[in-house]
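Working notes for the structure below.
Numbering (this note's numbering), first residue to last: 130 to 827.
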């Protein structure tokens, strides 16, 4: 249709040029040549027209006077007529030039539209976008021209590590590929489900299908026979990766079609699935990223004008933990942020009076910032239900000076959580009524008695444990209990399922409701909120509850993930093997200087929060060896030795006899950094009180 319109415009342009040419020839024929003849022949032509010869005397004067006047009149008329024709031609020429320019612009716009339709593979411009005479898209944001976009895409492809390698600084900069087939993806980065193989769904499936369709379109570009055209059935496998600055790269492998075979034979081979006779065709496809665009800019108010956050805290017992929570709450929320209210929903009678006294002490504390309007306790003499606690707290968050018709921002919290003032700001930034809710990914701390004991350290205060590292904790991406949302949205999705009793399940249900709604869910890691480790009881017998099978398994999974890292759990699981084989570890370090044989007596005790205790009969002499690698985490650290007061390097003491039956073992220790640096041959005697005690090192 677009081509037909271009052809019609071109025909009109040619017709217009022909008309101008004919008019010009006609004008030259009628006036241009006549004026030229009159100018050249002058009076002779006039005399001939008078009809007689030139006389003498009076007749001559007559001819001279009257003939000259007539010639001048005729010449003036012709000049005036010629001037009129020239003005008309000039005006017509200007009109024709304008018309030609207009038609040329329309032809250029149509050509641009044809190119866009070809490059977009059938996609059309939105109906609201209109192309004007200059070829600029109207009623749409200003975008680069087609030439600029093509040049940008070429730059993106050229800068990507797709057709050639790029030198990197180290192995951590390399972006690995993900292997996939049409129905399976083997991700290098595990998602929420921690699946090492998964079925592509949602945006992943759309992404893969888009790449495959583009590849199939390229393969079928010069194939006219339907039986020889490539389909999704011919795709075998592929890999893809996402480079953050250039785009997504795909390397796709298809079973090669044999174009020399007949259609019937090709169909027969495809039907029987005989792939051994086919080659493989590889296509490299890239989805380049477009230039960055600023979408929105928003300013947030000052400290005094910040949105008030209503924190809802379900609680049952655990008053010592609640005391620790309130101590941090006073410092961070009441004194620093100052735009928060706390509602504690307490279940049962056990510990209720103590919880009241804790809140009363905060209110009575000087300069704490707490008062009866921003601290409130609601008591429910029922079985603990987090879902009901949050629903009751959401209904009764208002104080006397708050407009009940105004929507309020809720932060659903737990007593085991520590948050910063910056987190409270993110709680405000990432929520908007009927628009978005905030589900932060909390950093969950491991069991400190495992983390620091394996390193030979004393367990530090809770404040010093708030560190984000692979040894101290993990991102709790399976937890949805901490959330910021407006009360109107909470009620609109009908809140929690209050039929769930005991541990877990209700948070996931609420999260799924938001995911399936039109409200945007902001899910992001937040370095300002921590989950403090605490013992988790999954039986439910202490509270008179019985967990379902799914609840129990989820609780056990959470308990295992909360305890320690994979490596730390490995040391706990294999501690018997480690103890039995410690003496067989050889350092393989070159001996430096002389050293003395050391007799060490060692015993184990139950519930000792250090790897092991040692007492020495004779002296210890260490031979320093720099830059030695550490073999395993059970090497005694210098600060640990100083802490237990047995000896300081290189100090020798006599600790007398140890109890138990001795057995001999020769060991070779070495370490690096702040560990005991050096090489020590230790011929020592181990005294064990009991075989059970040996296994219970921690």
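Each residue gets a CB set at the ideal place from its N, CA and C atoms; glycine is no exception.
Presumed contact (8 Å Cβ cut-off) between residue i and residue j, rounded CB distance
i	j	result
residue 375	residue 417	6 Å
residue 641	residue 523	With a Cβ gap of about 19 Å, residue 641 and residue 523 do not count as contacting.
residue 458	residue 506	Actually they do not touch by this definition, with Cβ atoms about 13 Å apart.
residue 381	residue 367	4 Å
residue 621	residue 564	Contact flag wrong, Cβ pair sits at about 12 Å.
residue 596	residue 662	The Cβ separation is near 13 Å, so there is no contact.
residue 225	residue 149	5 Å
residue 537	residue 546	The Cβ separation is near 20 Å, so there is no contact.
residue 437	residue 470	7 Å
residue 687	residue 665	7 Å
residue 624	residue 520	5 Å
DSSP state of residue i mapped onto helix, strand, coil
i	result
residue 662	coil
residue 417	strand
residue 307	strand
residue 577	helix
residue 384	strand
residue 613	strand
residue 402	Confidence is the limiting factor: at residue 402 the pLDDT is only 45, short of 50, which leaves the residue's position unreliable and the question unanswerable from this model.
residue 513	coil
residue 693	coil
residue 675	coil
residue 375	coil
residue 652	strand
residue 828	Outside the displayed span of the chain (130 to 827) sits residue 828, for which this structure offers no information.
residue 700	helix
residue 525	coil
residue 123	Nothing in the structure corresponds to residue 123, since the chain is present only between 130 and 827.
residue 365	strand
residue 505	strand
residue 657	strand
residue 645	coil
residue 737	Note that residue 737 scores 29 on pLDDT, short of 50, meaning its location in the model is unreliable; the coordinates nonetheless yield the value given after this. The answer is coil: DSSP assigns residue 737 none of H, G, I, E or B.
Straight-line Cα distance separating residue j from residue i
i	j	result
residue 318	residue 370	11 Å
residue 422	residue 653	22 Å
residue 657	residue 462	13 Å
residue 394	residue 309	Confidence is the limiting factor: at residue 394 the pLDDT is only 47, short of 50, which leaves the residue's position unreliable and the question unanswerable from this model.
residue 237	residue 415	30 Å
residue 279	residue 233	24 Å
residue 340	residue 668	50 Å
residue 557	residue 465	16 Å
residue 379	residue 361	15 Å
residue 508	residue 486	14 Å
residue 571	residue 601	13 Å
residue 355	residue 243	27 Å
residue 510	residue 517	12 Å
residue 553	residue 344	48 Å
residue 442	residue 327	37 Å
residue 606	residue 561	23 Å
residue 446	residue 599	32 Å
residue 146	residue 229	9 Å
residue 488	residue 448	11 Å
residue 490	residue 455	10 Å
residue 211	residue 241	45 Å
residue 683	residue 566	25 Å
residue 576	residue 702	15 Å
residue 706	residue 676	36 Å
residue 336	residue 220	60 Å
heavy atom of the ligand PLP below 8 Å from residue i C-beta
i	result
residue 555	What this structure holds is no ligand at all, so the ligand PLP is not there to describe.
Legend entry - Meets three-Cβ-pair contact criterion under 8 Å: the segment 586 to 594 and the segment 686 to 702: Segments in contact, no.
Inset, instruction - Would you be able to state if there are at least three C-beta pairs under 8 Å between the segment 574 to 582 and the segment 464 to 483? - result: Counting C-beta pairs closer than 8 Å gives fewer than three between the segment 464 to 483 and the segment 574 to 582, which falls short of the contact rule.
Legend entry - 4-residue-minimum alpha helix (DSSP H) runs that sit fully inside the segment 408 to 494, ordered along the chain: The alpha helix (DSSP H) runs of length 4 or more contained entirely in the segment 408 to 494 are, from start to end of the chain, 448 to 458 and 481 to 493.
Legend entry - Validate contact between the segment 499 to 513 and the segment 536 to 548 using beta carbons, cut 8 Å, 3 pairs: Three or more beta-carbon pairs separated by less than 8 Å are not found between the segment 499 to 513 and the segment 536 to 548, which leaves the two stretches without contact.
Inset, instruction - Could I get the ranges of all uninterrupted alpha helix (DSSP H) runs contained in the segment 287 to 344, with 4 residues as the minimum, in chain order? - result: The segment 287 to 344 contains no complete alpha helix (DSSP H) run of 4 or more residues.
Inset, instruction - Please specify which runs of the beta strand (DSSP E), each continuous and at least 3 residues long, are wholly inside the segment 532 to 602, giving them in chain order. - result: With a minimum length of 3 residues, the unbroken runs of beta strand (DSSP E) contained wholly in the segment 532 to 602 fall at 538 to 541, 546 to 548 and 565 to 574.
Inset, instruction - Answer yes if the segment 426 to 442 comes into contact with the segment 292 to 308, meaning at least three C-beta pairs across the two stretches below 8 Å, and no otherwise. - result: No contact exists between the segment 292 to 308 and the segment 426 to 442.
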